[in-house]
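Sequential numbering from 1 applies to the first sequence in UniProt numbering.
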Amino acid sequence: MEPKHSHPWKLNESEAIRLQKEWASKVIKEDQLNDVQYVAGVDVAYDPHSEKLCAAVVVLDTESLQIVETAIADDQGHFPYIPGLFSFREIPPITQALKKLNTTPDLIVCDGQGIAHPRRFGLASHLGVLFDVPTIGCGKTKLIGEAKEPGKTRGDYAPLVDDGEVIGNVLRTQDRVKPIYISIGHRISLSTACDWIIKLSPRYRLPETTRQVDQVVRRALAGLR
DNA sequence: GCGACAG
DNA sequence: ATCTTGTCGC
Numbered sequence: 001m002e003p004k005h006s007h008p009w010k011l012n013e014s015e016a017i018r019l020q021k022e023w024a025s026k027v028i029k030e031d032q033l034n035d036v037q038y039v040a041g042v043d044v045a046y047d048p049h050s051e052k053l054c055a056a057v058v059v060l061d062t063e064s065l066q067i068v069e070t071a072i073a074d075d076q077g078h079f080p081y082i083p084g085l086f087s088f089r090e091i092p093p094i095t096q097a098l099k100k101l102n103t104t105p106d107l108i109v110c111d112g113q114g115i116a117h118p119r120r121f122g123l124a125s126h127l128g129v130l131f132d133v134p135t136i137g138c139g140k141t142k143l144i145g146e147a148k149e150p151g152k153t154r155g156d157y158a159p160l161v162d163d164g165e166v167i168g169n170v171l172r173t174q175d176r177v178k179p180i181y182i183s184i185g186h187r188i189s190l191s192t193a194c195d196w197i198i199k200l201s202p203r204y205r206l207p208e209t210t211r212q213v214d215q216v217v218r219r220a221l222a223g224l225r
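If you want it as structure tokens, here you go:
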């Protein structure tokens, strides 16, 4: 698959913030997905000794939740980790990995936030707009926002609110297990996004997309040295 | 000024 | 993110 827009490679902090503000207006918060047969998970692993990163993408069949394709890409690190500008660090290698894919995913689940972001443009939204593909932000912790404790049952959720706006849901994917943070990435509604995360999490706290890609990217980085 | 801060 | 595998318990 190919990006829909050209993406600036070298940017400084203020230029990155300006791009976020500009592209945030392109985010579509309603359902705009076809039948979802293939769902992808993307993730990046870091080498603690060098500055290198490794990105991976796994494509799962939505019925069997089995892997149908994987792709990886290395990167030397073009942007530091700055909360709020996180996507500029991970998008370069993720883009390279997605370019290698033969299967076009109908939906992508990202590690991190979508619009649950200070400028409503986290990694999932960034990737979604860049490739014009439906994406979901699925974070293990929050960046911003306040929420009440959701019910203790799988499927229970509570709205994540910032500045009076609902920017996501704190979703319980398994009974009595710590909830995760779901937000719109691009071309999907919040409720549909949560439905998909529940479907993709039949047994564990995190969706299978995240678990599978986590394992793949980890092995790839290990084998890289 | 203080605390928070995706991976 | 990363340092880190097996193991105890429901």
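Quick reminder that beta carbons are idealized off the backbone N, C-alpha and C, glycines included.
Within the region 100–164, the runs of alpha helix (DSSP H) that reach at least 4 residues and sit entirely inside it are, in chain order, 123–131. Considering only R172, R203 and R211, the residue with the shortest C-alpha distance to C194 is R172. Residue pairing of I184 in beta bridges, as defined by DSSP: I136. For E69, the pairing in a beta bridge is given by DSSP as V59.
Membership of G77 in any beta strand (DSSP E) is not indicated, and neither H nor E is assigned to it by DSSP. Its chain contains A45 as the residues whose beta carbon lies nearer than 6 Å to that of R218, once the 5 sequence neighbours on both sides are disregarded; these appear in chain order. Contact between C138 and I182 holds, since their C-beta atoms are separated by about 6 Å, short of 8 Å. DSSP places V27 in no beta strand (DSSP E); its state is neither H nor E.
Residue burial annotation: T141 is exposed, with fewer than 16 other C-beta atoms found within 10 angstroms of its C-beta. Counted as a single uninterrupted DSSP element, the stretch harbouring V36 is not any beta strand (DSSP E), since DSSP gives it neither H nor E. Taking E2 as reference, the option from D214, K99 and H117 with the minimal CA-CA separation is K99. With contacts defined as CB atoms closer than 8 Å, I91 and H49 fail to qualify as a contacting pair. In this model, D214 and E165 are separated by some 31 Å (Cα to Cα). Bounds of the alpha helix (DSSP H) holding V213 are E208 to G223. By the Cβ criterion, the region 111–125 is in contact with the region 75–91, since at least three pairs of Cβ atoms, one from each stretch, lie closer than 8 Å.
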